[in-house]
Structures are given as structure tokens and as C-alpha cells.
Amino acid sequence: MKFQTPRGTRDILSPEVEFRNYVFEKSRELFEIYGFKEIVTPTFERTEVFTKGIGEASDIVSKEMYTFKDRKGRSLTLKPEGTAPVVRSFIQNKMYGKSLPIKLYYCGQMFRYEKPQAGRGREFSQVGIEIIGTSDPLADVETIALVMNLYKQLGIDKTKLIVNSMGCRNCRKKYLQDLNKYLEIKSKNLCENCNFRIEKNPLRVFDCKVDQCKKILSKSPILRDYLCNECEDHFKNVLKGLESLKIKWQLDNRLVRGFDYYTKTVFEVTAPKLGAQDAICGGGRYDYLIEDYGGPLTPAVGVAIGVDRTALVMMRMGIKPFSEKNIQVFLIALNDTAKKKAIVLLDDLRKNKIPSDMDYGNRGIKGQFKMADRLKAKYVLILGEDELRNNKVSLKEMDTGKQSIVNYDDVINYLKEKIKESN
Ligand SMILES: [Zn+2]
Ligand SMILES: [Zn+2]
């Protein structure tokens, strides 16, 4: 019997794991610079937390959720996205009673039953931010500016920012009437799924990936032509804010982001080297979600960043802004007595934060040197009979081949100096 990872999941190994960690690290750093505090929500929630806000006609709710019953028959769902749980928590913990806006960030694993492809698994990682409790367009600008800044810091250039406005309850009414009229005429030529979407939420037809549907929808009425004055002003101010920060954007009339909860600003950032589905982050405003979930009417805006896809872009672009954390020192013990002394020295090295290792098998000196090579150790320390007798250690610098003898008691300070110099 052979055990394998379930379809759509995978083991993440070095060096990819270092790229991912770097994305996590840089994101957290930046989130805190922008004044966000972390929130950790459970890995699974009651299913309604997602169905209500994301919408029944969305791809996520209609076919991608990992939903199961627990032992008491309660329906639970592994989180497919991060915003709905934050909103649930905002209400549950009565954060609306505090001074607003509140700025939260999250990092974690999400789950969607999707067709697996590069950078898109059924388990994936996201980091994201939410600014809850302000309708100011500058909050939208800050959200976008933060992600653009993050990509810059990660070394990803040639990103493209795509923006659109989805309007509010008021302007959407008239638009949906006209969209429905248009879709009714075309419904025979739209796919089955689109016909299902038309019944539940016609805006979801813009999620369709079927060419025929896309072609028909490219001539549909667009929401931006229906924006009320308030929404129009909001959108203009977002674009002005972006301009003042020298952030370039592209309008996409049909960008709706596959969630029902978005209002006003929506946006995506795409990166090269990812092919057709090239978005590495997406977000927008969700002014009614908190009210829909039973809280007070509280406008909010947020973004989610795909960690796996961002790491993949960096790898494909050949970006490596961090140095490898290889072993610095490898210890070679030539006999059992030396080995006993070596484990004490190894322990001391590590307590002094010098990345080091040794071999526990009884390989010969050649085998141990090979291992040091494989680990890319910069220094090899050799403990043999002579060294033991004289309380010394032989040291070999692997880059230059230079050898020296160092007092056992001085070796840690000596190495610390060496390592400091070489950095
Ligand atoms: Zn409006
Ligand atoms: Zn379709």
C-alpha cells in the first residue's frame, strides 16, 4: 500500500517553503507598519457563516466548500476564505462597540474543492487585512497601496492593478433589472450554470469561464453606467487617491470578484508568469456584510493575498530576496571519546545561535566531509585524538580550504567573529 497526499493537496518542501515563509514574514511586518492587529479565527465555522455572505450562486458555496457534519450532526465548513469569519467575530465580540475603524489581519490555511493547478491547491494559504468601520474611500486606497507595497518589497514588479465599482444597494436595483432583461433574452445561449446563477444572483454570471458565456456577457450592460452619485464620487476619490500615490490602475467593467458581499470598490492584482488565472490578490468593499450578519450597519474594506501563488511568482521570476539559512558549522568526530566531546560543543554552538550539525552514524572522515558539503557548511570542526589530547580543535574553512588549529575554549568566539566578518 502506498500513501499519497489527497488530490489537490501537496507537501511543501524546501526551497518553496522558504519563499512562503518569506511572504508570510514580509506581510506581517507590513501589516503591523500599517497599524493592523492579528486575528486568528477557527479553521472551521458553522456552514451558514459562509453561505450567507458569499452567496449561494457563487462557485465557492455552490461547489467548492468542504462541508461536513460533526458528531452531533451540526453542519461545519472548512474556511474557504477569511473575511466572513472576521465579520462573524466582529459581531460576536461586539467590536462595533469600540472606537472604529478597527484594522485586523489574518494568516492561515483555506480550503476549496477546485480543479488543482499550479499555485492553486485545495488547501492554500492566505494573508489578508480588513478595515472595518469606515466608508472613507481613503481606506480603499490604503488597502490597495498596502498590497502594491508588499509586492514591491517582495521584488515582484510588472504587477497589474484592476479596479471596478460594484455600486450600492440603490444603484444596483436598476442595473439588475436591465441586466436581467438582457440575460433573459440570451439565456438559451448561456450555460446551465449561468442559468442557475441568473435565478440566484445574476451578477454571478460574470464569474463564468465558458467562452460562449463570456462573449455574450462582454456586450451586457455594465454596473458602472448605473452608479448613483455617492458611488460615483466614492470611486472617483479612490482613483484620485491611487493617483496621488502614483499607483497605476486599469478599469475592468466586468470585474465582480466571485463573492456576493462586495459593494463599491473591487480590485485584483495580477502578476506575470501565472498564465490564465493570474490574480495574486483580490479584495474590495463590503458595506452591508456586517449588517447582513446581524450587526449594525458598518462599512468595511479588505483584501486577501494568495501566499502560494505569490511565492510561485517569485520562484518563476527568479526572485530571491532572502539568503539561505544553511548550516554554518559541521562537526566531525573521529572516535567515540571525541564524539562525546563533540555533542557538548555542538550544544554550545547552538546555544550561541550558530547553525550547526554533526553526523550520528559512524561514517568515516570522508563520508562526514561529504555530509558537510551537502549541508553547505562553511566551517568544519574536526575532533580527533591529537585535538583531544591538546584541548584543541581543527578548523577547516570550506570555501578556501584553509585549515587552522584553535583552542577548544576559544572556538565559539572565534567562529562568531568569522561569521560576523563574512556577513
Ligand atoms: Zn450607489
Ligand atoms: Zn456560463
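Numbering of the sequence shown is given in the working numbering, commencing with residue 182 and proceeding in unit increments. Yeah, the Cβ is synthetic: ideal placement off N, Cα and C, and Gly gets one too.
Alpha carbon of residue i to alpha carbon of residue j, nearest angstrom
i, j, result
"LEU335", "LEU211", "11 Å"
"ARG570", "LYS333", "56 Å"
"GLY582", "ASP540", "21 Å"
"LEU364", "LEU384", "10 Å"
"VAL391", "SER537", "55 Å"
"LYS520", "LYS577", "18 Å"
"THR491", "ILE461", "6 Å"
"ALA370", "LYS395", "The sequence shown places Asn at residue 370, not Ala. Distance between the alpha carbons of ASN370 and LYS395 is about 11 Å."
"LYS339", "GLY234", "33 Å"
"SER270", "MET276", "8 Å"
"ASN434", "LEU420", "15 Å"
"ALA244", "PHE387", "The amino acid occupying residue 244 in the given sequence is Lys; Ala does not appear at that position. Each residue's Cα considered, the two are about 17 Å apart."
"ASP459", "THR451", "5 Å"
"LYS250", "LYS532", "47 Å"
"PRO282", "GLY216", "11 Å"
"SER575", "SER504", "28 Å"
"MET495", "LYS501", "7 Å"
"LEU360", "ARG188", "38 Å"
"CYS375", "GLN393", "11 Å"
"VAL328", "ILE524", "46 Å"
"GLU566", "ASN507", "29 Å"
"VAL123", "GLY483", "Nothing in the structure corresponds to residue 123, since the chain is present only between 182 and 604."
"ASN588", "GLU199", "36 Å"
"GLN358", "ARG405", "14 Å"
"GLU602", "LEU526", "22 Å"
"LEU274", "GLY254", "Reading the sequence as shown, one finds Asn at residue 274 and not Leu. So the two alpha carbons sit approximately 26 Å from each other."
"ASP414", "GLU449", "21 Å"
"ASN128", "LYS522", "Only positions 182 to 604 of the chain appear in this structure, which leaves residue 128 out of reach."
"TYR595", "ASN604", "15 Å"
"THR186", "GLY548", "34 Å"
"PHE373", "GLY456", "Correcting the residue type first, residue 373 is Glu in the shown sequence and not Phe. Taking the straight line from one Cα to the other gives about 26 Å."
"ASP590", "LYS279", "58 Å"
"CYS389", "GLU380", "15 Å"
Residue i vs residue j beta-carbon contact at 8 Å
i, j, result
"CYS288", "VAL268", "no"
"GLU323", "ILE312", "yes"
"LYS367", "ILE397", "yes"
"ASN573", "ILE593", "It should be noted that the sequence gives Lys, not Asn, for residue 573. Going by C-beta atoms, LYS573 is not nearer than 8 Å to ILE593."
"LEU257", "ARG301", "no"
"LEU564", "ALA514", "yes"
"ALA299", "LEU493", "yes"
"SER331", "SER208", "The residue you asked about is not Ser; residue 331 is Leu in the sequence shown. Yes."
"GLU219", "TYR286", "yes"
Residue from the options with nearest C-alpha to residue i
i, options, result
"LYS597", "LEU530, GLN431, ALA553, ILE586", "LEU530"
"TYR469", "CYS462, ILE461, LEU478", "LEU478"
"LYS284", "ASN507, GLU213, GLU505, THR446", "GLU213"
"THR444", "ASP459, CYS412, ALA452, ASN434", "CYS412"
"PRO266", "GLN290, ASP414, SER399", "GLN290"
"SER316", "CYS349, MET329, MET552, ASN516", "CYS349"
"GLU170", "VAL242, LYS253, SER401, TYR407", "Nothing about residue 170 can be reported from this structure: the residues present for the chain run from 182 to 604 only."
"TYR356", "LYS207, CYS409, ASN376, GLU304", "CYS409"
"LYS400", "GLN584, SER603, LYS362, ASN507", "LYS362"
"ASP528", "PHE511, ARG544, LYS417, GLY542", "PHE511"
"ASP580", "ASP590, ASP591, ALA553, TYR595", "ALA553"
"ASN418", "PRO318, ASN604, GLU304", "PRO318"
"ASN351", "TYR407, GLY548, CYS372", "TYR407"
Residues near residue i in its chain [Cβ-Cβ closer than 6 Å; skip 5 each side]
i, result
"ARG353", "none"
"ARG497", "LYS454"
"PRO297", "GLY189"
"SER195", "none"
Beta-carbon proximity list for residue i, same chain, < 7 Å, skipping 5 on both sides
i, result
"LEU259", "THR224, PHE225, TYR247, PHE292"
"VAL488", "ARG201, VAL204, PHE205, SER306, GLN307, VAL308"
"THR518", "LEU569"
"LEU423", "VAL322, ILE325, TRP430"
"ASP473", "LYS233, GLY234"
"PHE377", "ALA238"
"ILE546", "ILE513, LEU515"
Closer than 8 Å to chain C by CB, residue i
i, result
"ILE310", "This model lacks chain C altogether, as it is built from one protein chain only."
Own chain residues within Cβ distance below 8 Å of residue i, not counting five before or after
i, result
"ILE600", "GLN509, ILE535, LYS559"
"ALA485", "GLU262, GLY263, THR264, GLN307, VAL308, GLY309, CYS462, GLY463, GLY464"
"ASP441", "GLY234, ILE235, GLY236, ALA238, SER239, ASN382, LEU384, ARG385"
"ILE471", "VAL268, PHE271, ILE272, TYR277, ILE313, PRO477, LEU478, THR479, ALA481"
"ARG191", "GLY302"
"PHE550", "ILE513, VAL561"
"VAL447", "VAL344, ASN345, SER346, MET347, LEU436, VAL437, ARG438, GLY463, GLY464, GLY465, ARG466"
"PHE231", "ILE241, VAL242, MET246, THR258, LYS260, PRO261, GLU262, ALA265"
"TYR294", "GLY189, LYS244, GLU245, MET246, TYR247, ARG303"
Cβ-heavy atom distance, residue i to ligand 4, below 7 Å
i, result
"GLY465", "Ligands present in the displayed structure are limited to ligand 1 and ligand 2, and ligand 4 is not among them."
Spell out a yes or no on whether the stretch 416-431 and the stretch 344-360 are touching, meaning 3 or more CB-CB pairs, one atom from each, closer than 8 Å. Touching, yes.
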